[in-house]
Structure formats: structure tokens, C-alpha cells
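Chains as they are written, first to last, in the numbering used here: chain X, 258 to 621; chain C, 33 to 401.
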């Protein structure tokens, strides 16, 4: 209490002093920017990438901003308190880096209309909430390009977290990317119902490899499947971070994120007053939010060329991962020939079907 | 020169008073060195940990909100532990309570029926009891180990919740995201203090603590359970039914944990979703022991645990302390508390090697309790 009062008094007197001399109170204090993380900052994946971007943001903006982060915030009733506290502490821009913070953000944003909230991967915006999301499907399509060319068994695997639309799009686009190179491939998915559990992920990878899947993609956060592939002499693909140190022979490439460009752009908007709410931003390879991990030297030059060409076409907009005709694995047409499903379509945001080539049915 | 632990003839009253003070001192001294070594001002860390979470009505509301599930689960667990019944699956019973009560809430939809909330609470209690009845039946019928069964049922309950929010109870307007519809106004618990999030749940919890105290001190059922815990042979000789104790202990804990679950989803969360508890059912095991398995002690245990959670958050936000360090600090305090408690019933005795003819009594969990 005492410290808090002292601090408040100090701030008030500084503010009053500045008011008297220049009147420029707003620019006197750095903009406070906060980050809320689901995992620990050194998780080697999702959260670490956000925190690295936070550090780049601090470096880029210097003393114009001051950042704070809170790690290990569960998606329970607790996150609402953390958001409220950060807003009450004077943070004016708050990045919420997990999907499950969506409902608490809705509540807190109404209490703090002057605080700007940024939510990753959600779908509910507000006058002071915007949503941002990487075009993961572009990265997974490219992963599929490599997997389709590198498989000897024509069997691919995928370790899924939860069958929500943003993950369903990834298994679908990886399969489409592979089929474009090799129409004989089939894809076997395993859902582990967690974002991070090295034990379960390891087990899933072992099962998939035992069933003949020699190229395994993942939408979970640990490097376990890369390690298994390294032991078994098969291939795997990383997500979020470059995990090649866990399996230098096994990791062919991977899709990683660089959030710093977006964080810097948004912070600048807040500083110059041009930030607006109710937006949904999607950035991909072109904007540099999706970045491919280095290609493994084992990939033959011909396959590398296909990869690079495909990547260039995605960046130029010539190729869209979900271009018709696409039917699901029961034969129903999902995207008609001559059209492409893009993020402005409602269907894109509610994908809950497997494309043709994936085995089994989506768990309910 | 050697030291051995020797059981005191009677628990030391002086140690009972001194134990929390010693623990606090130990924690302060260790914390001082720890935070100084990290280049942080220890006084400010202590302030953030122990004062800031109590510095406004809203903060106190948050403290009580987090205390509620810890207290409810802790009460039920303490009752069982006293009778040597090791239910460690309060987390699963909490989850089942949330599922059952939440199911009733979804069935009512946006109805403003006055029956909605009472039925939800009742369903929550019953849900937890049914989940706890499984290990009770298996233990009394087949003599299975309740530690394993209750623990395994935690994962089953969590998977059941996951299946429901991915499948049948998924919000049809929620773009396939794994969560239910939000509960209606009549299906959400009203707030106890305006401007906070704390609900009537804390009142139920405190009321139940009093009831548990009366039951354990003044009723024959409470006496029977206490005897069963302290002297199982004597209890058997007196003809106290072990089976009845097992049923009572598990059903009571199922009921309180189930109530905790429905209070959480009908309170601050307001819907069913995949994760509803950050592990309250497991943390409540520590709460029960900090409270020395006494209902009134459990109130303080739950308040302390809740304060440590909030303090850890405040220290992260205020001083950029990594959450691993705040977790370490929380663990330190709990360690000192439980270690100091040992000296209420034991004393450290110095012996010369020659004196060590036969080994002194071995410390076990049971005898330390």
C-alpha cells in the first residue's frame, strides 16, 4: 500500500510538473504495452516466438514504450483478472496470445474502453479489440509440398491438437500441398487433445511411424515428434519455432512465426493515434508473419525448386492453398472448381471436414 | 553427534503457535537472499506478494473468488484424510460437478426460471457425488486402491468435458470452437460485492466449513472417522464400520468438490469450456494439510494459497519476475509451513553414537499427521 501510494504520488507530481512547463503530458510517459502468455517464455515454441517478438519490439521502439509480460496464465477464470490488472496498471495496448482468452477479453474490454486489446486467432472483435492471425495454411501447404515429394511409403502423418477450424485448415492444406505433388499420398491424423504434452506427442509420432507414415507434420508445440523421427530415421516438420536442433536429420522444414513486424506496426498505430478497433488482420508469407524454417540439405534440388516456386506463387497471390475443386473425404464438394476459399468466406472460418486423402472422420 | 526425530508425548502447544511464525521467518530470510541474488528489491517483492493482493475491494474480491474452490475441495479432502481415506481426485469431482450443473444451465437456456440456479447447484453437488461414489464402491466392494481410482477418474472427467464441448454441447454460433453457449442471466451466480467477481459461492464455502467443524467435533459420525484415522485397530475393535467411513468421506468430498465446480462455471467463467480449473482439486490437497486437516484451519489454508497465487501474478506484472521464481517462492513457504508443523508432534533430539542402540520411531505420513 505504502509503496503504491508513493508511486502514485511520484507519478502525479511528475505529471503536474510537466503540465506546468510544457503541457505535453501524453508524450512524457512511455506507452505501456503488455503481453499475456499461456505458456512459459522459454517453451521452445509458441510462447517463445511471441516473447522474442516482444523483445524486438522493445529494441525497435526504444524508450517510447515499456513492455510487461505475464507467463503461464491459464485459460480459466484467472485470465480475466490478469487482463484487468494490466489495464488498471496503465497498460494501453495488451496482446492476448492464446485463443482461450476470448471471452474474458470481451468482459474486460467493456470496463476499460480506452485500452486497446489484440487477440490472436479469435473471432470476436469490438471497438477496442482487434484479432490477428497468421496464415498458417500457407506454411502447411509448403510443408505438404515437401512431404509429398519426400515420402517413400506414400503415407503421411499429422499430430493434431484440437480439431478446431484453425487446426483443421492446417491438416487440410498440408494434404492438398502433398497431393499437388503426389496424387498417391494418404494422410493419417492423430488427435492428442492438448497443445503441449511431449509424452502424448511422442506416442502419437511412434504410432504414426509404425503405421508407415514417413513424413509427419504437427500442430502441437513440443519437439517430441522431431526427436522420434530422428530416432526412427523418418522425417518430420516443426511448428512455431525451428526445432532442427532436436532432430537435424529428421526435420525437413517447418512453419514458424515472426510476430515482430505486426507488433511494431500496431504499436506505432497506437503511438500516432491511427489505431482502430474491429479489425481482423491475417498475415502470411508475404508479410513475413509466416516464415519457413531452413530446408534440410537432404532434400533433392528438384524438390527444393518446386518448394521455392510454390512459395513465390503464394507470395504473389497466384496460388491459394484452398483452390477448387476440393471435396471432403466423403466425396461432398466443399470448394467448387474455378473458385478459391479464402479468409473472407464464412466457410473458411468453420472448416470442420477432412479433404479427400485424409483417413478417418473428424472427432466430434 | 547425531540428531533423531523423537515423537513428543503430547503435541506441543508452544510449537503449534510458533510453527507458522517460524515458517514465515524462514520464508522471509530465504526470500530475501533469493530476490537479492536476482537483483530485485526483496521488500518490494514481499509487498507485491502479500499486500498488493489485499489493497482494494476488487482485489479482496479476487482473493475470495480464488479461495472458494480451494476451500470447498480442501474441506472435503481434509475430512477423508483424517479418516485415512486418500481421495486425490477432487479435480475430477469438481469437473463432474461443473458438467452436471452446467448441463442443467444449458438445458434452461436463457430461461429466467427461479428454479434454474437451485437445480444447477444441486446437480453440481450430485455430479461430484456420483463421481466419488465410483471409487467408494470399488474400494468397499473390491478393495481397490482409492488413490489410483480417484486419480484416474480425474482424466476421464476432463476428457468427458472435452468431448461435450467439442461435440454435443458446442456453441452452434461459436465457429466450431470448443466451448458451450454462455449461460443466461438467471443461470449465472450473482455477485456478492458490487464491482468484484466474487459470488455467493464463498458464503456457501464458509458456511460448510462451520458445518464441517461442528460435525467433526460434536457428532458421533465425526468421532468415528477421527478414531478410524488415528487408531484403525481401535476403531475396528469398537465396531465402527470402515465401509461407512469410506462412503461418507468420498461422498462428502464429491459433494463439496462438485459444488466448487458448478460455482466456477456458473460464476466467473459463465459457460462450459475445456479448461475450467487451473488444478484447484490438486492444490486443495496442500490446502488441507496446511490447515492441519481442521475445517477452520482449511479456511486459512485456502486463503493463504489463494494469496500466494495472486501474489505470484502481481510479482510477475510488477517486477517482471519469471513465473518459475514465483512458483519457487510459493513452494518455499509451503515447505517451511509443513516442515515447522512436524515439530508440533516431534522434537529433535541429540544423541551420541553410543546411545544409538535401536532405531527411533520412523516418521511416516500417518504418524506425522
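Positions of the beta carbon are idealized from the N, C-alpha and C atoms, including for glycine.
C-alpha distance - residue i paired with residue j, whole-angstrom precision
| i | j | result |
| --- | --- | --- |
| residue 365(C) | residue 553(X) | 49 Å |
| residue 474(X) | residue 446(X) | 9 Å |
| residue 305(X) | residue 298(X) | 5 Å |
| residue 417(X) | residue 196(C) | 18 Å |
| residue 367(C) | residue 65(C) | 17 Å |
| residue 590(X) | residue 381(X) | 29 Å |
| residue 338(C) | residue 583(X) | 52 Å |
| residue 270(X) | residue 357(C) | In this predicted model, residue 270(X) has a pLDDT of only 46, less than 50, meaning its place in the structure is not dependable enough to derive any value. |
| residue 136(C) | residue 501(X) | 49 Å |
| residue 440(X) | residue 412(X) | 11 Å |
| residue 216(C) | residue 145(C) | 10 Å |
| residue 516(X) | residue 544(X) | 10 Å |
| residue 530(X) | residue 309(X) | 25 Å |
| residue 237(C) | residue 229(C) | 16 Å |
| residue 614(X) | residue 114(C) | 58 Å |
| residue 444(X) | residue 277(C) | 53 Å |
| residue 486(X) | residue 504(X) | 7 Å |
| residue 356(X) | residue 302(C) | 17 Å |
| residue 248(C) | residue 259(C) | 11 Å |
| residue 392(X) | residue 210(C) | 21 Å |
| residue 204(C) | residue 183(C) | 33 Å |
| residue 376(C) | residue 106(C) | 22 Å |
| residue 458(X) | residue 477(X) | 8 Å |
| residue 617(X) | residue 325(C) | 50 Å |
| residue 246(C) | residue 286(C) | 19 Å |
| residue 89(C) | residue 96(C) | 11 Å |
| residue 157(C) | residue 364(X) | 28 Å |
Where residue i sits in the DSSP three-state scheme
| i | result |
| --- | --- |
| residue 369(X) | coil |
| residue 166(C) | helix |
| residue 309(C) | coil |
| residue 236(C) | helix |
| residue 379(C) | strand |
| residue 475(X) | strand |
| residue 197(C) | helix |
| residue 211(C) | strand |
| residue 263(X) | Unreliable positioning characterises residue 263(X) in this predicted model, as indicated by a pLDDT of 48, which lies under 50. The coordinate reading is nonetheless provided below. DSSP places residue 263(X) in helix when its eight states are reduced to three. |
| residue 341(C) | helix |
| residue 34(C) | strand |
| residue 391(X) | strand |
| residue 50(C) | helix |
| residue 271(C) | coil |
| residue 375(X) | strand |
| residue 222(C) | coil |
| residue 346(X) | coil |
| residue 283(X) | Interpretation of residue 283(X) is limited by its pLDDT of 47, a score under 50 that renders its predicted location unreliable; no figure is taken from the coordinates. |
| residue 589(X) | coil |
| residue 325(C) | coil |
| residue 251(C) | coil |
| residue 282(C) | helix |
| residue 41(C) | coil |
| residue 605(X) | helix |
| residue 206(C) | coil |
Using a beta-carbon distance cut-off of less than 7 Å, what residues from the segment 181-214 of chain C approach chain X?
194, 198, 199, 207, 208, 209, 210
Considering only residues of the segment 483-555 of chain X, which uninterrupted beta strand (DSSP E) runs meet the minimum length of 3 residues and lie entirely inside it, listed in chain order?
492-497, 508-514, 537-540, 547-549
Check whether the segment 286-294 of chain X and the segment 340-352 of chain X are in contact - that is, three or more C-beta pairs closer than 8 Å.
yes
Within the chosen definition, does the segment 312-326 of chain X reach the segment 494-513 of chain X through at least 3 CB pairs nearer than 8 Å?
no
Do three or more CB pairs link the segment 524-532 of chain X to the segment 584-603 of chain X at distances below 8 Å?
no
Fully enclosed by the segment 419-485 of chain X, which alpha helix (DSSP H) runs are 4 residues long or longer?
422-438, 455-467
Between the segment 298-315 of chain C and chain X, which residues of the former have CB atoms less than 8 Å from a CB of the latter, in chain order?
299, 300, 301, 302, 303, 305, 306, 307, 308, 309, 310
Stretch pair the segment 310-317 of chain C + the segment 37-55 of chain C: three plus CB contacts closer than 8 Å
no
Which complete beta strand (DSSP E) runs does the segment 75-155 of chain C hold, if anything under 3 residues is left out?
none
Pairs of beta-carbons, one from the segment 121-135 of chain C and one from the segment 249-266 of chain C, closer than 8 Å: are there three or more?
no
Could you say if the segment 594-603 of chain X and the segment 340-351 of chain C meet the contact criterion of at least three C-beta pairs nearer than 8 Å?
no
Which residues, in chain order, does the segment 371-397 of chain X contribute to contact with chain C at a C-beta distance below 9 Å?
379, 380
Assess, as a yes-or-no matter, whether the segment 476-488 of chain X is touched by the segment 366-376 of chain X under the definition of 3 or more beta carbon pairs within less than 8 Å.
no
Near-chain C residues of the segment 308-335 of chain X (beta-carbon distance less than 7 Å), N- to C-terminal order
325, 327, 328, 329, 331, 332, 333, 334, 335
Is the segment 86-105 of chain C touching the segment 325-344 of chain C in the sense that three or more CB pairs, one from each, lie closer than 8 Å?
yes
Residues of the segment 464-485 of chain X with Cβ closer than 9 Å to any Cβ of chain C, in chain order:
none
Closer than 8 Å is the cut-off here; do at least three beta carbon pairs connect the segment 458-471 of chain X with the segment 423-440 of chain X?
no
Report the residues of the segment 67-79 of chain C with a CB closer than 7 Å to any CB of chain X, ordered along the chain.
76, 79
Hey, is the segment 399-409 of chain X in contact with the segment 505-515 of chain X, meaning 3+ C-beta pairs nearer than 8 Å?
yes
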